[in-house]
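Please read the structure below before turning to the comments.
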Amino acid sequence: MSTTIITEHPAWHETPEGEPVRLVEHQGSVWLAQWETEREHLLLRPLDAEAGEQPPVAYTSSIDLPTTDKATPLLDELVPLGTVARLTNPSLWDAITTALLRQVVTAAQARKRHRAFYSAYGRNFETPVGALALAPSPEAVLGLSDEGFAAVGAMFNRTALRAAAEAFLDRGEHWSTFDVAESLIKELVEVPRIGPWTAAAAAADYTGDHSVYPHGDLAVRTWAGKAAPGLVLPSSEKQFEALWRRWAPERTRLHALTLFTLTWGSHDRVTGHGGRTHRP
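Residue numbers (numbering that gives the first Met the number 0): 0 to 279.
Following this line, the structure appears as structure tokens:
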């Protein structure tokens, strides 16, 4: 069975050869992740010699997708993805920052804002595939002026990012011990300007559990509609989410349906036709 990488997180870049690459921090060490298209393999390389265990990678098989006949046009597009590989975000702070930068903008706008914010104020590293950056630290965020946020197009996000940075410095170590997404969501929504959508998106990114992802999200609705244009899908978030849950009432299938739809979309952004990246 083929394996497909999901690159929905805006930290994914591309090499000149078109292979996805990303920098993550895991247990104090910085790792370069690079998807090897021909081998269908995620290569993880530490940037420092004393690194410990590798960041976690989760694999979800198309066997876990729902089987409802009503979703057949969409499932026919998702099943060929085979097994989806996802680099689980090992940094809760990065997951929170990314979710906040995604508020009230399209995926393309969020990606542009994310890269500008990280490049300007994050920790930059020279890697074998070029310069890449990690998230600005909570301390760096708290030290930014309004003008600093405005310079990278993140003026709208400044209040939320500052509140999140203060809360993370106070409780982040405790939050990072959570492996149950619902428990993490419950904690995050207590932070000002982190609502249910942002908390759920961050928790899904950090735990890898997409059964808690905000299923009415514009990205899910957009990619589902584009993958299966013949389906009549609700336009409202609440009605779409209700339909999504009817299609996938079990947690495992809800996770797979959401993950595979986002994977289809991440490849559509690159290839223009969705699904797996077609080799020349």
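Quick reminder that beta carbons are idealized off the backbone N, C-alpha and C, glycines included. Bear in mind the structure is a predicted one, so any value in this text is a computation, not a measurement.
Residue of the options minimising C-alpha distance to residue i
i    : options                   : result
W11  : T97, A50 and A48          : T97
P191 : A166, A202, W174 and A180 : A166
A164 : H25, A94 and P248         : A94
N123 : T221, T3 and W30          : W30
L160 : S136, R245 and W263       : S136
G17  : E76, W34 and A202         : W34
A180 : A198, D75 and L42         : A198
S1   : A119, S118 and L80        : L80
I293 : L77, A149, P195 and Q108  : A question about residue 293 goes unanswered here, because the residues of the chain that appear run from 0 up to 279.
E39  : A84, R245, S182 and A109  : A84
H55  : T260, N88 and F116        : Note that residue 55 is Pro in the sequence shown here, rather than His. Nearest option by C-alpha distance: N88.
T260 : P65, A150 and R110        : P65
A223 : A201, Y205 and W246       : W246
R92  : E7, A150, A162 and V231   : With the sequence shown as reference, residue 92 is identified as Trp, and Arg is not the correct amino acid for it. For W92, the nearest C-alpha among the options comes from A162.
E125 : T206, V231, D47 and T36   : D47
G121 : H266, T251, L22 and Y58   : L22
I184 : D178, A202 and L168       : A202
Y205 : E189, A218, T176 and L232 : T176
Q108 : P195, D145 and P9         : P9
L43  : A218, G51 and A32         : A32
L41  : G51, I4, D178 and W263    : I4
T59  : R157, T82, S234 and G51   : T82
A57  : L86, P45, R220 and T158   : L86
F116 : F148, R250 and P127       : F148
T262 : R244, V219 and V231       : V219
Endpoints, beta strand (DSSP E) assigned at residue i
i    : result
G129 : G129 to A132
R85  : T82 to L86
T2   : T2 to I4
F124 : N123 to T126
Boundaries of the alpha helix (DSSP H) in which residue i is found, first to last residue
i    : result
H62  : Here the sequence assigns Ile to residue 62, which means His is not the residue at that position. First-last for I62: undefined, no H or E at that position.
L77  : T71 to L77
I95  : L91 to L100
F167 : R157 to W174
T67  : Where T67 is concerned, there is no enclosing alpha helix (DSSP H), given that its DSSP letter is neither H nor E.
R220 : L217 to A226
D145 : D145 to A150
T105 : It is not in any alpha helix (DSSP H) - T105 carries neither H nor E in the DSSP assignment.
F239 : E236 to W246
P195 : P195 to T206
S210 : S210 -> no alpha helix (DSSP H), and no H or E assigned at all.
A180 : A180 to L187
A48  : Here A48 belongs to no alpha helix (DSSP H), and DSSP marks it neither H nor E.
Residues that residue i bridges to, as DSSP identifies them
i   : result
A32 : R21 and L43
H12 : V20
Distance cut-off 8 Å: residue i Cβ against heavy atoms of the ligand ATP
i    : result
Q108 : The model on display carries no ligand, and the ligand ATP is accordingly not part of it.
query = Pairing CB atoms from the region 69-78 with CB atoms from the region 96-111, are three or more of them under 8 Å?
reply = They do not touch, by the three-pair rule.
query = Can we say the region 220-235 touches the region 15-26, given the rule of at least three CB pairs closer than 8 Å?
reply = no
inquiry  = Can you confirm whether the region 197-216 touches the region 239-258 when touching is taken to mean that 3 or more C-beta pairs between the two stretches lie within less than 8 Å?
reply    = yes
query = Does the region 212-222 come close enough to the region 239-246 to have 3 or more Cβ pairs within less than 8 Å?
reply = yes
query = Should the region 168-178 be regarded as contacting the region 112-131, the criterion being three or more beta carbon pairs within less than 8 Å?
reply = no
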